[in-house]
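These notes are about the structure you will find just below.
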Amino acid sequence: MFVVGGRRLYGKVEQVGSTYIATTFAFLQFFPLFPVQSHIVVAEGSADTHKVVHIKTHWKSVATGYLRAYGIAASLIALIPGLAMAGTSKVPTAYVGAGLVVVCAGLTTAAFSMIGRLSREEKAQRLVYARFLGHPVHPSVLDEDMRGAIAQKLRDFLEERAAAAMTGVNYRKGGPVKAGYRVLALEPSMRDREYLEAAFTLACIDASLSVGPMRADAERVHGALWNKLLAEHPDVLEVVRDAEIVQRSWVSSVLGFVPLVAALGICCVMLLRNDSVFKWKPSTSEKKPEYGFVPEELLR
Numbered sequence: 000m001f002v003v004g005g006r007r008l009y010g011k012v013e014q015v016g017s018t019y020i021a022t023t024f025a026f027l028q029f030f031p032l033f034p035v036q037s038h039i040v041v042a043e044g045s046a047d048t049h050k051v052v053h054i055k056t057h058w059k060s061v062a063t064g065y066l067r068a069y070g071i072a073a074s075l076i077a078l079i080p081g082l083a084m085a086g087t088s089k090v091p092t093a094y095v096g097a098g099l100v101v102v103c104a105g106l107t108t109a110a111f112s113m114i115g116r117l118s119r120e121e122k123a124q125r126l127v128y129a130r131f132l133g134h135p136v137h138p139s140v141l142d143e144d145m146r147g148a149i150a151q152k153l154r155d156f157l158e159e160r161a162a163a164a165m166t167g168v169n170y171r172k173g174g175p176v177k178a179g180y181r182v183l184a185l186e187p188s189m190r191d192r193e194y195l196e197a198a199f200t201l202a203c204i205d206a207s208l209s210v211g212p213m214r215a216d217a218e219r220v221h222g223a224l225w226n227k228l229l230a231e232h233p234d235v236l237e238v239v240r241d242a243e244i245v246q247r248s249w250v251s252s253v254l255g256f257v258p259l260v261a262a263l264g265i266c267c268v269m270l271l272r273n274d275s276v277f278k279w280k281p282s283t284s285e286k287k288p289e290y291g292f293v294p295e296e297l298l299r
């Protein structure tokens, strides 16, 4: 028996352009056994060589890696007995067999086409983060020390830029600036895009490093700053188009739903062919009584 084992990437999630998060697993016969290290993959190479940035364990990537690999195996294992039950068994066993096939195919489809995929707005937010983090990822995937260092750099940048960025005749030095970036960034007169984007990123980092009321306040500011960015600079969403072109085509998106659609189609055909589920022709046990010829003299 030919045995294949080693390490390779599984659980590709949260892709923006050519950058995504994945996890290295130890594998046997191409089935992931246990996670070794999660990464930000910034460039793909040949022969499964990639340029990566190590991060803490990304549990969504780990779960996706298991679900995709074992979901395919479960779908194949359930296919033959499930279809046999759907095509030959009586109700409700036939429905159980069809449901088994559809559920396995549905989980596999969800793992490939839905889990770990970002909305257009989430991609736009990560492209904003990338200007200060270096990669289009959510700050929470970085370790606390790295987040703390980036947060301090952002605070220094915002403090230096505050006086130059503020506009309007009512600006008073030392007034809103001393109140902190959360107040200054939400001032109606603050329209500087770079300042708003830096404050938006810092609010996200602060939320990831805080708990309780402080976390809730940072999340509130983060949401308010995003709404302000969209209002002041609506083109912030337009940059996502280039990333989506690099990432994948609509064809690959549609192909992700093929397992579920195929399973539904095959199960419907098998159920329709099952006489115990749909009685298209009368059963042999339900034959109509036959009436023969009765002589006329017997009827008198």
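Sequential numbering from 0 applies to the sequence shown in numbering that gives the first Met the number 0. All residues carry an ideal CB built from backbone N, CA and C; glycine is no exception. This structure is a prediction, so every number in the text was calculated from the model and none was measured.
For residue i, collect the residues of the same chain with a Cβ closer than 6 Å to its Cβ; drop the 5 residues on either side in sequence, then sort them by chain order.
i    : result
R181 : V220
D142 : K55
P34  : T22, F24, V61
Measuring straight from C-alpha to C-alpha, what distance separates residue i and residue j?
i    : j    : result
V52  : E158 : 30 Å
E193 : T200 : 11 Å
W225 : Y128 : 12 Å
N169 : M189 : Only weak support exists for where N169 lies, its pLDDT of 48 falling under 50; the coordinates are left without a value.
L236 : Y69  : 36 Å
A202 : E218 : 7 Å
L132 : R6   : 28 Å
A303 : F30  : Absent from the structure is residue 303, since the part of the chain shown begins at 0 and ends at 299.
S207 : H137 : 10 Å
Q151 : R130 : 15 Å
I149 : I76  : 48 Å
G173 : A162 : Confidence is the limiting factor: at G173 the pLDDT is only 48, short of 50, which leaves the residue's position unreliable, though a coordinate-based value still follows. Looking at the two C-alpha atoms, the distance is approximately 9 Å.
R160 : G179 : 12 Å
What are the boundary residues of the beta strand (DSSP E) that includes residue i?
i    : result
K50  : 49-54
R7   : 4-15
A25  : 18-27
P187 : Careful: P187 lies outside any beta strand (DSSP E) and carries neither H nor E.
V40  : 30-43
So, using beta-carbon positions, are residue i and residue j closer together than 9 Å?
i    : j    : result
R119 : V12  : no
A212 : F111 : The sequence as given places Pro at residue 212; Ala does not occur at that position. It is not a contact, given that the beta carbons lie outside the stated cut-off.
Q28  : G4   : yes
A383 : K50  : Outside the displayed range of the chain (0 to 299) lies residue 383, so it cannot be described from this structure.
A198 : L153 : yes
R146 : I79  : no
L271 : Y94  : no
Beta-carbon within less than 7 Å of residue i's beta-carbon, same chain only, minus the 5 sequence neighbours each way: which residues are those?
i    : result
I71  : T107
G10  : A21, T22, S60, V61, T63, G64
S301 : Residue 301 is absent from the model: the chain starts at 0 and stops at 299.
F256 : T108, S112
What first and last residue would you give for the alpha helix (DSSP H) that runs through residue i?
i    : result
L201 : 192-208
F1   : Counting along the chain, F1 falls outside any alpha helix (DSSP H), and DSSP gives it neither H nor E.
L311 : The first residue shown for the chain is 0 and the last is 299, placing residue 311 beyond what the model contains.
P212 : 211-231
Going along the chain, which residues of its own chain have a beta-carbon closer than 8 Å to the beta-carbon of residue i, five neighbours each way excluded?
i    : result
A83  : G96
P135 : V15, G16, T18, K122, R125, L126, Y128, A129, A242
Exercise. Okay, do the segment 60-69 and the segment 20-30 touch, 3+ Cβ pairs below 8 Å being the bar?
Worked result: Under the Cβ criterion (8 Å, minimum of three pairs), the segment 60-69 counts as touching the segment 20-30.
For this session: Decide if the segment 95-111 is in contact with the segment 255-272; the criterion is three or more beta carbon pairs, one per stretch, under 8 Å apart.
Result: Counting Cβ pairs under 8 Å, three or more are found: they touch.
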